[in-house]
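In what follows, a structure is listed as structure tokens, so that the remarks can point back to it.
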Amino acid sequence: MLVLGIETSCDETSVAVVADGKQVLSNIIANQLDLHRRFGGVVPEIAARRHTELIGYVLHEALAAAGKTLADMEAVAVTSRQGLIGSLLVGVAAAKSLSYALKLPLIGVHHIEGHIFANLLSNPQLAMPHVCLTVSGGHTMLVYVHDYCRYELLGATLDDAAGEAFDKIAKFLGLGFPGGPVIDRLAAQGDRKAFKFPRPLLRASTLDFSFSGLKTAIINAFKSQIASGEALPLEDIAASFQEAVVEVLVSKTLRAALERRATAISVTGGVSANRRLREAFQESCRREGIEVYFPELSLCTDNAAMIAAAGYARLKQDGADDLNLDVIPNVPLEVQGGS
Ligand code: KG4
Ligand code: ZN
4 MLVLGIETSC DETSVAVVAD GKQVLSNIIA NQLDLHRRFG GVVPEIAARR
54 HTELIGYVLH EALAAAGKTL ADMEAVAVTS RQGLIGSLLV GVAAAKSLSY
104 ALKLPLIGVH HIEGHIFANL LSNPQLAMPH VCLTVSGGHT MLVYVHDYCR
154 YELLGATLDD AAGEAFDKIA KFLGLGFPGG PVIDRLAAQG DRKAFKFPRP
204 LLRASTLDFS FSGLKTAIIN AFKSQIASGE ALPLEDIAAS FQEAVVEVLV
254 SKTLRAALER RATAISVTGG VSANRRLREA FQESCRREGI EVYFPELSLC
304 TDNAAMIAAA GYARLKQDGA DDLNLDVIPN VPLEVQGGS
């Protein structure tokens with residue numbers, strides 16, 4: 004079955020064609036970073052307007068790259084839950100129009116469920132059940148994936164998402180937006196032991212996360228460096244901050260996997276592109292005899308292929324939505340219990 008996927012929940016306009024929830028025939032992603040960079044973050048009104056300008060072109064490009072036409076499509080899946088409301092509306096309006104005009108089943112997908120499927124697309128050998136860490140600009144969630152579309156929430160951030168912490172620290176240090184890739188690059192030249200920043204909730208029994216306190220610690224370290232008149236080792240600050248985030252993410256995810264006797268961990272979302280995070284997960288998982296999987300880079304950040312894959316699984320399990328499908332900006336992933 005050929006599923007057309009549409010993702011416009013934040014600032015990426017993306018359309019993909021995926022066969023049987025497994026094979027990515029095309030995955031076109033138009034990002035709008037140049038429009039938002041000077042504001043130091045995504046401006047919701049600008050994002051929504053740009054989606055309306057881009058969606059038609061991206062759709063055509065996705066079909067052309069897949070060597071298909073609209074007539075070949077058999078279902079349309081769209082991110083309808085979790086994201087910026089104006090941005091979500093553009094994708095959902097496009098999906099409803101296509102569904103109505105072409106008589107295609109319409110499936111509304113939760114954005115986080117999309118991220119979970121990104122890893123299943125990249126790594127078909129990823130076994131069920133497994134523990135999945137979703138780390139992006141909007142979310143930090145630890146989920147036990149019992150099976151396709153069956154999730155249990157193990158932990159989540161109590162304040163900032165991990166990617167948000169990267170973005171805020173980069174903004175504070177004047178490094179630009181988005182912060183994750185810049186800090187990743189800068190940290191590679193720094194000493195990760197130069198500053199001992201706090202590891203929030205690391206020793207607590209909860210599997211929840213907290214990253215907002217880390218910001219204050221870094222701001223204080225930065226100010227005292229300036230006050231002491233010493234040269235500012237930005238690389239060291241970046242590396243030490245990144246190490247604090249990485250240590251907390253790896254340690255809690257590993258603890259969750261050991262508690263559940265899971266043999267596999269999946270790490271997904273924009274922050275899963277981070278090189279030090281990948282390295283630290285690989286080292287720790289090798290020690291514990293646990294497999295760890297990451298999506299290929301094009302599937303880490305927001306993209307429509309993951310939405311098409313999740314939509315295909317949802318269609319098989321729950322059937323299609325109707326044209327009353329609503330957008331919901333802030334709603335948790337549908338889970339079955341846990342914390
Ligand atoms: O998944 P995504 O595209 O959007 C959301 O659903 O939020 O993730 C974007 C986030 C941003 O916060 C960005 O700074 C972060 O992912 N990110 C990274 C890296 N690449 C992107 N964070 C750390 N290291 C990276 N290499
Ligand atoms: Zn995302």
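Just so we're aligned: the sequence shown equals residues 4 to 342 in the working numbering.
Don't be surprised by glycine CBs; every beta carbon is placed ideally from N, CA and C.
In this structure the region 270-289 touches the region 130-145; the number of beta carbon pairs closer than 8 angstroms is three or more. Sequence-distant Cβ neighbours of A316 in its own chain, meaning closer than 8 angstroms and more than five residues away, are G24, F120, Y151, C152. Where D75 is concerned, there is no enclosing alpha helix (DSSP H), because DSSP gives it neither an H nor an E. A straight line joining the alpha-carbon of I221 with that of P127 spans about 40 angstroms. Placement of the Cβ of D305 at a distance of less than 6 angstroms from at least one heavy atom of the ligand ZN is found.
Taking a C-beta distance under 7 angstroms as the contact criterion, A259 and I293 do not qualify as a contact pair. Distance from the CA atom of L161 to the CA atom of S231, rounded to whole angstroms, is 34 angstroms.
Restricted to the region 13-49, the beta strand (DSSP E) segments that are unbroken, complete and at least 3 residues in length are 15-22, 26-34, listed in chain order. With a beta-carbon spacing of about 6 angstroms, A51 and V93 fall inside the 8 angstroms limit used to define contacts.
Relative to the ligand ZN, the nearest heavy atom lies less than 6 angstroms away from the CB of S139. Residue environment for Q85: buried (at least 16 other C-beta atoms within 10 angstroms of its C-beta). When G89, S90, V81, E116 are compared, the shortest CA-CA separation from K99 is found for V81.
The region 189-244 contains, as complete alpha helix (DSSP H) runs of 4+ residues, the segments 215-230 (chain order).
Counting along the chain, the unbroken beta strand (DSSP E) around C135 starts and ends at 133-138. CA-to-CA, the gap between A308 and I229 works out to about 46 angstroms. A265 and A96 have their C-alpha atoms roughly 40 angstroms apart.
Our two residues, A190 and G216, have alpha carbons roughly 20 angstroms apart in a direct line. Around the CB of D305, 16 or more other CB atoms lie within 10 Å, so the residue is classed as buried. In this structure, V248 has its CB at a distance of at least 6 angstroms from all heavy atoms of the ligand KG4. Less than 7 angstroms divides the Cβ of I268 from the Cβ of V295. In this structure, P184 has its CB closer than 6 angstroms to one or more heavy atoms of the ligand KG4. K196 and L73 have their alpha carbons spaced roughly 54 angstroms apart.
The beta carbon of T256 sits closer than 8 angstroms to those of V134, L136, L145, I268, V270, F284, all from its chain and outside the five residues before and after it, given in chain order.
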